[in-house]
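Now the structure itself:
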């Protein structure tokens, strides 16, 4: 059984593992066209088939360095009076 839904403008379909095995080629075609295909096992989400582009974007987002709080504060405009010094952040061992 295939269930289709829309979340934030993305087309998403949900397919049982049994149906995914039977129609894997069609699932790959859906993913290649930009859809996210969730495969369920015993009614619970187990995996998602996505396009190569979506997988690469996810990988980049997961490996991107996260700024520390001091770096985030330094992004505020210079005319905002936050009472901060103009020196760069320093590394601290915690």
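In the working numbering, the protein residues as written are 1 to 94. Cβ atoms here follow ideal geometry from the backbone N, Cα and C, with glycine treated the same way.
For residue 20 and residue 28, I'd like the C-alpha separation in whole angstroms. 10 Å
DSSP beta-bridge partners for residue 45? 40
Tell me the rounded alpha-carbon separation between residue 22 and residue 16. 10 Å
Taking only the alpha-carbon atoms, compute the straight-line gap between residue 5 and residue 13 and give it to the nearest angstrom. Only weak support exists for where residue 5 lies, its pLDDT of 47 falling under 50; the value from the coordinates is given anyway. Rounded to whole angstroms, residue 5 to residue 13 spans 6 Å at the Cα level.
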